[in-house]
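Asker:
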Amino acid sequence: MTNPLHLYRSILRVHRYMPREMRFVGDQYVRSEFRSHRSVSDKRFLEPFFAQWTSYLHLLQEQTDRKAAGGSADSGSTRHIGKDLDPHVADMLEDDKAEQLLELHNASIGLDEQPKPDMRREVGSAGVPRRP
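First residue of the sequence shown: 4, per the working numbering; consecutive thereafter.
1) Can you tell me which of the three DSSP states Asp89 falls into?
2) Can you tell me the Cα-Cα spacing of Phe53 and Ile112, whole angstroms?
3) Under the rule that 16 or more other beta-carbon atoms within 10 Å means buried, what is Leu8, buried or exposed?
4) Rounded to the nearest angstrom, what separates His108 and Gln64 at their Cα positions?
5) Mind checking His18: buried by the 16 CB within 10 Å criterion, or exposed?
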C-alpha cells in the first residue's frame, strides 16, 4: 500500500507548479480529504482512495513536467492542467451534485448567472460545461 504521508507531500509539492489560484484550491482540498480519511482503517475504502490520489499525482506530474524545468507556474504559462470531465460521469451525477459542479464552473470563469437546473444538458462533447 502507498505511504500516505509521502503521497500527501508529493501532491502538495507538485501543486507548486500550478497557477496560484488552482494551487490554493487544490491544497485546501487535498488537506481536507486526507484529514477526513486519517482515521479510516478499512482497506475497502483506503485502496481506492490512494489509487485515485496516486493517479491524480501522476497526471499532474506529467502535465507539470516541462513547467518544473522552466520555473514556477506563475511565469505566464497557460498550459492545460487537469483533465476534462467524462460525459458519462456527468450523466451519472445526481441533480444536486450536477448543480454544484455547474456553480463551481460558473464561479471559476466569472459568470454571475444562476445555475441551470440540469448540468448534464450543459456538458459539451469534451466533457466541459458549455458556456451559456
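For every residue, glycine included, the Cβ atom is placed at its ideal position computed from N, Cα and C.
Answerer: Reading from the atomic positions:
1) coil
2) 30 Å
3) exposed
4) 24 Å
5) buried
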